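One line per chain: the protein sequences are A and B, in this order.
Note that this note's numbering has the first sequence beginning at 1, numbered continuously upward.
Note that this note's numbering has the second sequence beginning at 668, numbered continuously upward.
Every residue gets a Cβ at the ideal spot worked out from N, C-alpha and C, and that includes glycine.
Computed from a predicted structure; not experimentally measured.
Protein chains: 2
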Amino acid sequence: MSDTSQPGVHCENRRPTLEEALRLPRIAIENTEPVLDNGRFAVKAIAGQSVTVASTIFTDGHDQLGAALYWRADGESGWHRLRMKFVGNDRWQVEFTPLRVARHLFVVEAWWDLYETYRHELQKKHAAGVPVSLELQEGRLHLQRAAEHAQGEVRATLEDLLRRLEQAPHTEAVELLLSAEACAAMSAADPHPHRIYSNAFPLDVERERTLFASWYELFPRSQTDSPHRHGTFKDVIARLPAIHDMGFDVLYFPPIHPIGRRFRKGRNNSLEAGPDDPGSPYAIGGEEGGHEAIHPQLGSREDFRELVAAAGEYDLEIALDFAVQCSQDHPWLKQHPGWFSWRPDGSIRYAENPPKKYQDIVNVDFYAKDAIPDLWVALRDVLLGWVAEGVKVFRVDNPHTKPLPFWEWLIGDVRGRHPEVIFLAEAFTRPAMMLRLGKLGFSQSYTYFTWRNAKEELTAYFTELNEAPARHCMRPNFFVNTPDINPFFLQHSGRAGFLIRAALATMGSGLWGMYSGFELCEAAALPGREEYLDSEKYEIRPRDYQVPGNIVAEIAQLNRIRRYNPALQTHLGFEPYNIWNDNILLFGKRTPDLSNFVLVAVNLDPWHAQEAHFELPLWEFGLPDHADMHGEDLMSGHRWTWHGKKQWTRLDPDYLPFGIWKLTPPE
Amino acid sequence: MSDTSQPGVHCENRRPTLEEALRLPRIAIENTEPVLDNGRFAVKAIAGQSVTVASTIFTDGHDQLGAALYWRADGESGWHRLRMKFVGNDRWQVEFTPLRVARHLFVVEAWWDLYETYRHELQKKHAAGVPVSLELQEGRLHLQRAAEHAQGEVRATLEDLLRRLEQAPHTEAVELLLSAEACAAMSAADPHPHRIYSNAFPLDVERERTLFASWYELFPRSQTDSPHRHGTFKDVIARLPAIHDMGFDVLYFPPIHPIGRRFRKGRNNSLEAGPDDPGSPYAIGGEEGGHEAIHPQLGSREDFRELVAAAGEYDLEIALDFAVQCSQDHPWLKQHPGWFSWRPDGSIRYAENPPKKYQDIVNVDFYAKDAIPDLWVALRDVLLGWVAEGVKVFRVDNPHTKPLPFWEWLIGDVRGRHPEVIFLAEAFTRPAMMLRLGKLGFSQSYTYFTWRNAKEELTAYFTELNEAPARHCMRPNFFVNTPDINPFFLQHSGRAGFLIRAALATMGSGLWGMYSGFELCEAAALPGREEYLDSEKYEIRPRDYQVPGNIVAEIAQLNRIRRYNPALQTHLGFEPYNIWNDNILLFGKRTPDLSNFVLVAVNLDPWHAQEAHFELPLWEFGLPDHADMHGEDLMSGHRWTWHGKKQWTRLDPDYLPFGIWKLTPPE
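Written out as structure tokens, the structure is:
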């Protein structure tokens, strides 16, 4: 411990002086929801879906308060205002539905509602038969004072009320003062004493596909019938109907840019590439250009435009990879050497994401003298270029290894111009960073889902994603596999395992994704690693999409079920239920109004049939334990009526390891 | 919903421009603990007791970070600085011990520790046998750059290291660069790139008696042998040895000021007072003066001073009641009519704390035009006047019915002059207000303890008080009774019930209090009410303190146990344990270092003996289930050795309804 001089911050946190205290609010507004980090970051919302704002509001004494919500979208000149409702224990709330895809703000207002306090007292005393002549006098004074400051119609109403009060006998005067007319006029004329506003809290309203979408990932170069023929955008166009039929609506490509030659990786991530090895598309940049360019073997810019247009006809959006890194042949190394950090021997340190090593990739140095702000602007312009080509969805590679302020600015800048643009954060790192990326503006996030297999860990994770702060800043995109992740669970589970993971992903979140090959139950791995054998990252891999044992039909049905059941179009509304078997996960998903309720049971054991008693959540509908409930198997279409809370199920992986049942209470 | 103009707040919450983003911190510091409402309010601490500060700190990429804590007391010119330690999952922490009773501030600092990153890599590569000649070159560059900016001794060390490096063979160079000497010099010369400071967070450091004290409440006027002779301060002095012997260290009086005559309450709160009825001391103010004055029948100012001095000799602090209210005879009504809110008939509305009515009391209007700021200053000066008389403890009556900003200013102002002054908030209201009063500066709080009787509700409440935010802002003073609360539980429980409540209060919190009569098991109530029959609030009530069946000895022993066991000098460190009987509450209290561990079992049933198996918390000491543990019954002095985790107890209310056992693991 040592005495040192002051850290370079503004360290004012004094007790208030009398003058300051007299200006401090008499009312407290606290615990406003939904809010992230005291309003430093925007909470996420969806255009057309309601937002409930709630605050704890209190003051000294026993007077009545009033509260209201102000909200508006970026660029709106006026505010929308809604009265908040008291819901008990100092809590107030109100719902509103933003319609525009834009940054929004909301503010909570509270004040002493003097007339409501008065009305309350008058009513109680009058009802109790207590003399109220003094209260009647006070009522007239309330109206008089309000009339003095009111204008127009309100003033006329108040003056009229005062005239009628003068002639009114006792009981009639009480009725006049308690009347809806008097309350409305007094509310309109209310000077809102001790009025306080909360901070303005930001809300990022995005389009529905940020919360509900099914992603399909493929390497365009593998859309071919031979490992010796490089697939093209035209080949991808031929695949669109099949991808659409499986129910996907986002089609995502790893980088489509020219690939470097120096330090190019060979098959299975080897450090020596053969002359015909295509290299990792993540080694971005070559003679033909950098992040703005298209790898010539995929086709022309015109071909790409055709692909975007054709995808649109199948309601498929193209998602591109935004990977801020360069091969050693990227034009930027020569054009902008000052954007990189060079070592004493004239080399640049290659990229690492421990324990992974990317010898074919170097990183830019965002804070190098020459990189500020040129590199930042250049990267933004790369994105804007692709947006101009009709790409509105970007999967961002390893955002946790690039500076936080860069993302906050970049996403804000792009979405300020194009609010419909969606960013998916491909970060697999510690929880604080995962959440922070969502707070900075990423619309969607990769998750730990891929490594959650047991009942207890799935329940805990789904629950955590439903709770603050995650629910406000992280829309989880459940990828069942990726080119980088061949999950251990799938390596030995057989077809049943793929069905299990597909059911968990599609039912667990509104967002899920798969990398092609999953539907064919591809599982061959590098021994002891979560890497695919003969990884497509380093070679062209044609596939037979009709291979026996594929789960294309099941995936299509799962996606179809999602489309018809709003409860499944979000990760929110999750609730685990009791089933007396640790191998079966039972959970419900429901819309807030319970108009759609889906019960999902997944046998997590891909090798054995599992069976158990479970609790049918009748209580969620306010029904007694002996009530009836209609059920519908959404995979088979079969319908029945359950009797009572205690039920039994059996899930056989040889047939289908999960059940998806829509619950409808009898009318 | 309607468009309206902008609320009167500063609604800036824009996305950052590029220029702003470039100035945003590259490192994130979040979830710093202990912090209340983002630093708006001060967290509570005790002089001489350690405070652990922890933050989640992270940045992009994989570089090493450094972190430090700055802290200082109000008025200190320099800052104390401590390096924080990385404890996993992005969390950093450090402990410090403030010694002064004062407002403190602390700030967390973080930066990129470039040399630590370098050292880490060099060490790993060297250990793995990877060639490091390039790294050695980089190491020399690190030292060179640092030497250029360093001064004095550090520079000399770095230059010396550089000289030695030039001549060093390979392995020796590695050792030099990894040496403690190099690390220390580089740490001293570190330019702290990407340095960020957290906000400055406030901490109110108070003296130990704010957390650990035993309060005894009495009406001085009842310290008499006859209801017809008004007790005096001199009579109170005669009682001091007995109160001290029971182990109390705060002696609290309801208001000692002149009492109003108009609307004076008679016995049992009747609206008609007889000529000899003394009235409620809460109806403050009469001809003889107001809040600054002493009720003449109690004695002179000189007598009061003698009492304060005499109490001091018994280690008893006098606590006065600060009740911001006036009888209708208070001098302020005539001197400062503008401090009150008058009704149309020239009266003032009497005070209410629903459902209670105080017809003999009127409230001031803190925001009346004439009251700002004169009333505020006058009230502050009343307090300062009593502080000048040696009173350092105030129990504040119904603070939740007075404005929040008033308390924040008043407490800050008084404690700014006299940091040792203690304020106890007598608020029984909703949770948000209870917490807020603590945040505003009240040192201690009345609680819901008085109404928590069942095992489940006691466990939940003790747990809640141990958790944030309560643990940071609310020091619970467990009153077993008050002149206003004759708890239903005690009305029919007999002597055993008083022992049960005494044990729960003394063991549950460092702060507890009783109102005289409790030690005599007084319980006579107004039928169906939580009020005492023949309440002392309205009459003089002499007592026989030797009455058979009293629990004076038990209270003295409980207080003695508290004094010798630090674990019992706070409400923190509470943990409930398993005992298979819903009528027995079993919990532990322990110091953070486990050097003091007390296990408490309370039979909550005052009518029947209860017995059960329970779990001896061997695991808290890292011991296996079959381990031995020494036990000492702190009520009887009996000692034994338990064998194993599963134990049995029986608690008989006819003898003693609780057990208090000190646990000491065998050496």
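Looking at the structure shown, is residue i part of a helix, part of a strand, or coil, going by DSSP?
i	result
T570/A	coil
D670/B	Any reading at D670/B is ruled out, since the residue's pLDDT is 42, under 50, leaving its predicted position unreliable.
F428/A	coil
C850/B	helix
T899/B	coil
I1167/B	helix
L1141/B	Here residue 1141/B is Met; the residue named in the question, Leu, does not match the sequence. Looking at M1141/B - three-state DSSP - the assignment turns out to be coil, as it is neither helix nor strand.
H126/A	helix
K646/A	strand
L685/B	helix
E1282/B	strand
D625/A	coil
P445/A	Reading the sequence as shown, one finds Ser at residue 445/A and not Pro. Of the three classes helix, strand and coil, the one that applies to S445/A here is strand, per DSSP.
A468/A	coil
D1027/B	strand
W376/A	helix
D857/B	coil
P1154/B	coil
D593/A	coil
Q546/A	coil
K1059/B	coil
L1243/B	Before going on, a small fix: residue 1243/B reads as Pro here, not Leu. It is a strand residue.
G1105/B	helix
H677/B	For H677/B, the predicted model reports a pLDDT of 48, less than 50, meaning its position is unreliable; a value from the coordinates is still stated below. H677/B falls in the coil class under three-state DSSP.
D370/A	helix
In the DSSP assignment, the alpha helix (DSSP H) including residue i goes from what residue to what residue?
i	result
Y564/A	552-564
H321/A	The question names His, but residue 321/A is Asp in the sequence shown. From DSSP, D321/A is part of no alpha helix (DSSP H) but of the beta strand (DSSP E) over 317-322.
H170/A	170-178
G819/B	819-834
F670/A	This structure cannot settle anything about residue 670/A, because the visible part of chain A is limited to 1 through 667.
G139/A	133-149
Got a sec, what are the start and stop residues for the beta strand (DSSP E) residue i sits in?
i	result
G629/A	Before going on, a small fix: residue 629/A reads as Met here, not Gly. Looking at the DSSP string, the run of the beta strand (DSSP E) that includes M629/A is 628-633.
A28/A	27-33
I1327/B	1325-1331
Y532/A	From DSSP, Y532/A is part of no beta strand (DSSP E); its letter is neither H nor E.
Rounded C-beta distance between residue i and residue j? I'm assuming under 8 Å.
i	j	result
H861/B	W759/B	Their Cβ separation, rounded to whole angstroms, is 15 Å, which puts H861/B and W759/B out of contact at 8 Å.
S947/B	D1027/B	6 Å
D988/B	R1062/B	5 Å
Output needed in chain order: residues of the region 976-1001 of chain B with a Cβ under 9 Å from some Cβ in chain A. Within the region 976-1001 of chain B, no residue qualifies.
Go through the region 41-118 of chain A residue by residue and report every complete run of the beta strand (DSSP E) that reaches 3 residues or more, in order. Segments of the beta strand (DSSP E) lying fully in the region 41-118 of chain A: 43-46, 51-59, 65-73, 79-83, 85-88, 91-96, 103-112.
Interface residues of the region 79-95 of chain A facing chain B [CB-CB below 8 Å]: Residues are counted here when their Cβ sits less than 8 Å from a Cβ of chain B; for the region 79-95 of chain A these are W79, H80, R81, L82, N89, D90, given in chain order.
Identify each residue in the region 126-141 of chain A for which the Cβ-Cβ distance to at least one residue of chain B is less than 8 Å, and report them in chain order. Flagged, chain order: L134, Q137, E138, L141.
Can you list, in chain order, the residues of the region 374-405 of chain A whose Cβ is nearer than 9 Å to any Cβ on chain B? Per Cβ criterion, the list reads W376, V377, R380, P399, H400, T401, K402, P403, L404, P405.
Of all the beta strand (DSSP E) runs that stay within the bounds of the region 203-277 of chain A, which reach a length of 3 or more residues? Segments of the beta strand (DSSP E) lying fully in the region 203-277 of chain A: 213-217, 250-253.
Contact set between the region 46-80 of chain A and chain B, restricted to residues whose Cβ is under 7 Å from the partner: Going along the region 46-80 of chain A in chain order, one finds T56, F58, D60, G61, H62, Y70, G78, W79, H80 with a Cβ nearer than 7 Å to chain B.
Closer than 8 Å, Cβ to any Cβ of chain A: which residues of the region 1091-1107 of chain B, in chain order? Taking 8 Å as the upper bound on Cβ-Cβ separation, chain A lies near residues R1097, P1098, A1099, M1100, R1103 of the region 1091-1107 of chain B.
When you check each C-beta in the region 341-352 of chain A against every C-beta of chain B, which residues fall closer than 9 Å? Cβ contacts with chain B come from R343, P344, D345, S347, E352.
Below 9 Å between beta carbons is the criterion; list the residues of the region 681-701 of chain B that meet it against any residue of chain A, in chain order. For the region 681-701 of chain B, the beta-carbon criterion of a distance under 9 Å to any beta-carbon of chain A is satisfied by R681, R682, P683, T684, L685, E686, E687, A688, L689, R690, L691, P692, R693, I694, A695, E697, N698.
List, from N- to C-terminal side, the beta strand (DSSP E) runs of 3 residues or more that fit wholly inside the region 303-357 of chain A. As far as the region 303-357 of chain A is concerned, its whole beta strand (DSSP E) runs of at least 3 residues are 317-322, 350-353.
Residues within the region 813-843 of chain B neighbouring chain A, beta-carbon criterion of under 7 Å: From the region 813-843 of chain B, no residue has a Cβ closer than 7 Å to chain A.
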